[in-house]
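Participant: Numbering (full-length UniProt numbering), first residue to last: 1 to 293.
Backbone N, C-alpha and C fix where the C-beta goes; we use that ideal spot for every residue, glycine too.
All values derive from a computational prediction rather than experimental measurement.
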Amino acid sequence: MALPAPQDRLVTLPEGIPELTLGYEALVWAGTYLRHTNGMRAGKSWEFTREQARFVLWFYAVDETGRWLFDRGDRRLAKGSGKSPFAAAMSLIELLAPVRLSHFDPNAPGGCVGKPVHMPWVQIAAVSEKQTENTMRHVRAMVSQQNAPELHRDYDLDVGKTQIFVAPEGKLETITSSAATAEGAEVTCVIGDELEHWTPSNGGVELHNTLVDNLTKSGSRFLGTLNAWKPGVGSVGESVFDDWVSQEAGLAKVKTRILYDARVAPPETDLSDEVSLRAGLEFVYEDAPWADI
């Protein structure tokens, strides 16, 4: 059965799970070291939802040569879907977890054995400090002595308000500076927050291009989060979606492979009909049981 046109798909993640992936290393590490920071599971060991876990498995999927299947991942989900805690967990996974390929092992989950990122440098980027704080506050809570005693037992962490250092040469930081300041940084992963607000007028498009150029040189990762964008303002959120549509239609002009995660209400949803609206919301929030709809 043929898939709908990319722009008409209600669920955009690839079906199933990849054959080769380092994602299981990420899932196990997060469940071992992280705890939920708020909501109904606050204080309990971190557990990804089903679709979050599938995203992680695809984000860390590799081919038989060990190259990433996707160069970047972007999650466009409704407000209240847990994007910020997820981004915080992923930033710490990139900082500390064994999510680079060591070797293949057919007996290992996902057929891959991982190793930590060498000299990890993770940036949580946005066009304002307020936006980076949405994710960074969850990061700080996740690495606090109270919430993560095992993390401090096994890793040498120095935790600040906007930076975390891990011995010997790893760091996580927020960045809202100009593209010129960001240029040339040997970053291993960027978490781009609220890409719908990255526009030409606030320097977001230039910052995005610079960050992506930095990552392309090193084969490192980009993870974007966003809500719906305002059409026609030239946001990064809109351009990434357009690039993904071109990719899926076989019309992409660049080789960058985008893993796109969106869940959209069916087009027949009637906002003026309570039953129809509720059905649409239940579909959109199916993977977010904590959401009050």
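Suppose contacts are defined by Cβ-Cβ distances below 8 Å. Is Leu195 in contact with Ser144 by that definition?
Facilitator: Working through the sequence shown from its first residue, we reach residue 195 at position 195. Working through the sequence shown from its first residue, we reach residue 144 at position 144. Not a contact, by the Cβ cut-off of 8 Å.
Participant: Using the C-alpha atoms, what's the distance from Gly31 back to Glu47?
Facilitator: For the purposes of this step, residue 47 is taken as the residue at position 47 of the sequence shown. For the purposes of this step, residue 31 is taken as the residue at position 31 of the sequence shown. Approximately 6 Å between the Cα atoms of the pair.
Participant: Select from Lys79, Pro120, Pro98 and Asp213 the residue whose C-alpha is nearest the C-alpha of Thr188.
Facilitator: Within the sequence shown, residue 188 is the residue found at index 188, counting from 1. Cα-wise, what sits closest to Thr188 is Pro120.
Participant: Can you look up Gly280 in the DSSP assignment and give me helix, strand or coil?
Facilitator: Here residue 280 corresponds to residue number 280 of the sequence shown, with the count starting at 1. In the structure shown, Gly280 sits in a helix (DSSP, three-state: H, G or I).
Participant: Tell me where the alpha helix (DSSP H) around Gln52 begins and ends.
Facilitator: Here the question's residue 52 lines up with position 52 in the sequence shown. First-last of the alpha helix (DSSP H) with Gln52: Arg50 to Phe59.
Participant: Going by C-alpha to C-alpha distance, which of Thr269, Met40 and Gly16 sits closest to Gln52?
Facilitator: Mapped onto the sequence shown, residue 52 falls at position 52. With distances taken between Cα atoms, Gln52 lies closest to Gly16.
Participant: Checking 8 Å against the spacing of the C-beta atoms, do Leu102 and Gly114 come in under that value?
Facilitator: Translated into positions along the sequence shown, residue 102 becomes position 102. Translated into positions along the sequence shown, residue 114 becomes position 114. Here the sequence assigns Ser to residue 102, which means Leu is not the residue at that position. Yes, the Cβ-Cβ distance between Ser102 and Gly114 is below 8 Å.
Participant: Using the three-state DSSP reduction, which class does Gln131 fall into: helix, strand or coil?
Facilitator: Here residue 131 refers to the residue found at position 131 when the sequence shown is read from its first residue. It is helical.
Participant: When the Cα atoms are used, what is the spatial distance from Gln163 to Lys171?
Facilitator: Working through the sequence shown from its first residue, we reach residue 163 at position 163. Working through the sequence shown from its first residue, we reach residue 171 at position 171. About 7 Å.
Participant: Tell me which same chain residues have a C-beta within less than 6 Å of the C-beta of Thr225, skipping the five on either side of it?
Facilitator: Within the sequence shown, residue 225 is the residue found at index 225, counting from 1. So the list reads Arg75, Lys83, Ala87 and Asp193, once near-sequence residues are dropped.
Participant: Considering only C-alpha positions, which residue in the set Ala262, Pro116 and Glu129 is nearest to Gly23?
Facilitator: Start at 1 with the first residue of the sequence shown, and residue 23 comes out as number 23. Out of Ala262, Pro116 and Glu129, Pro116 has the C-alpha closest to the C-alpha of Gly23.
Participant: Take Ser128 and list the residues in its own chain whose beta-carbon comes closer than 7 Å to its own, dropping the five residues that flank it on each side.
Facilitator: Looking up residue 128 in the sequence shown gives position 128. Closer than 7 Å at Cβ, skipping near neighbours: Thr176.
Participant: When you compare each of Gly160, Asp243, Gly39 and Leu57 to Ala288 by their alpha carbons, which one comes out closest?
Facilitator: Mapped onto the sequence shown, residue 288 falls at position 288. Taking only the C-alpha atoms, the option nearest Ala288 is Gly39.
Participant: Out of curiosity, what's the CA-to-CA distance linking residue 295 and Arg41?
Facilitator: Residue numbering for the chain in the displayed model covers 1 to 293; residue 295 lies beyond these limits and cannot be assessed.
Participant: If you draw a straight line from the C-alpha of Val245 to the C-alpha of Asp8, how long is it?
Facilitator: Start at 1 with the first residue of the sequence shown, and residue 245 comes out as number 245. Start at 1 with the first residue of the sequence shown, and residue 8 comes out as number 8. Going by the C-alpha atoms only, they are around 10 Å apart.
Participant: Could you tell me which residues DSSP pairs with Glu173 in its beta bridges?
Facilitator: The residue given as residue 173 occupies position 173 in the sequence shown. BP columns for Glu173 point to Gln123 and Gln163.
Participant: Compare the Cα-Cα distances from Tyr155 to each of Leu251, Ile191 and Ala97 and report the closest residue.
Facilitator: Stepping through the sequence shown from its first residue, residue 155 is reached at position 155. Of the candidates Leu251, Ile191 and Ala97, the one whose C-alpha sits nearest the C-alpha of Tyr155 is Ala97.
Participant: Could you tell me which whole alpha helix (DSSP H) segments of length 4 or greater appear in the stretch 202 to 281?
Facilitator: Runs of the alpha helix (DSSP H) inside the stretch 202 to 281: 204 to 218 and 236 to 248.
Participant: Could you tell me which residues DSSP pairs with Thr21 in its beta bridges?
Facilitator: The residue you call residue 21 lines up with position 21 of the sequence shown. BP columns for Thr21 point to Ala61.
Participant: Considering only residues of the same chain and omitting the five flanking positions on each side of residue 312, which have a CB-CB separation below 7 Å?
Facilitator: Since the first residue of the chain shown is 1 and the last is 293, residue 312 is not available in this structure.
Participant: Could you tell me whether the Cβ atoms of Leu95 and Val166 are closer together than 8 Å?
Facilitator: Taking the sequence shown and counting its residues from 1, the one referred to as residue 95 is at position 95. Taking the sequence shown and counting its residues from 1, the one referred to as residue 166 is at position 166. Going by C-beta atoms, Leu95 is nearer than 8 Å to Val166.
Participant: Could you check the C-alpha separation between Leu27 and Leu281 for me, to the nearest Å?
Facilitator: In the sequence shown, counting from the first residue as 1, residue 27 sits at position 27. In the sequence shown, counting from the first residue as 1, residue 281 sits at position 281. Their Cα atoms are separated by approximately 28 Å.
Participant: Need the endpoints of the alpha helix (DSSP H) that Lys83 sits in, please.
Facilitator: Against the sequence shown, residue 83 aligns to sequence position 83. Lys83 -> alpha helix (DSSP H) spans Lys83 to Leu96.
Participant: Starting from Arg72, trace the alpha helix (DSSP H) both ways and give me its first and last residue.
Facilitator: On the sequence shown, position 72 is the one that residue 72 refers to. That residue, Arg72, is in no alpha helix (DSSP H); its beta strand (DSSP E) goes Arg72 to Arg76.
Participant: Please list, in chain order, all residues of the same chain as Asp105 whose beta carbon is under 8 Å from its beta carbon, the five residues on each side excluded.
Facilitator: The sequence position of residue 105 within the sequence shown is 105, counting from 1. Taken in chain order, the residues that qualify are Gly111, Cys112 and Val113.
Participant: In this structure, how does DSSP classify Val28 when only helix, strand and coil are distinguished?
Facilitator: Translated into positions along the sequence shown, residue 28 becomes position 28. In the structure shown, Val28 sits in a helix (DSSP, three-state: H, G or I).
Participant: By alpha-carbon positions, which one of Leu3, Tyr60, Asp71 and Leu77 ends up nearest to Tyr285?
Facilitator: Locating residue 285 in the sequence shown gives position 285, counting from the first residue. Closest by alpha carbon: Leu77.
Participant: What residue does the alpha helix (DSSP H) around Leu151 start on, and which one ends it?
Facilitator: One-based indexing of the sequence shown puts residue 151 at position 151. Unbroken alpha helix (DSSP H) run through Leu151: Pro149 to Asp154.
Participant: Taking Cβ positions, are Val62 and Leu20 nearer each other than 8 Å?
Facilitator: Position 62 of the sequence shown holds residue 62. Position 20 of the sequence shown holds residue 20. In this structure, Leu20 lies closer than 8 Å to Val62 by Cβ.
Participant: Taking 8 Å as the cut-off, decide whether the C-beta atoms of Ala252 and Asn214 are in contact.
Facilitator: Locating residue 252 in the sequence shown gives position 252, counting from the first residue. Locating residue 214 in the sequence shown gives position 214, counting from the first residue. Contact: no.
Participant: Let me confirm a value: Arg100 is counted as buried when at least 16 other C-beta atoms fall within 10 Å, else exposed. Which label applies?
Facilitator: Position 100 of the sequence shown, counting from 1, holds the residue named residue 100. Buried is the call here.
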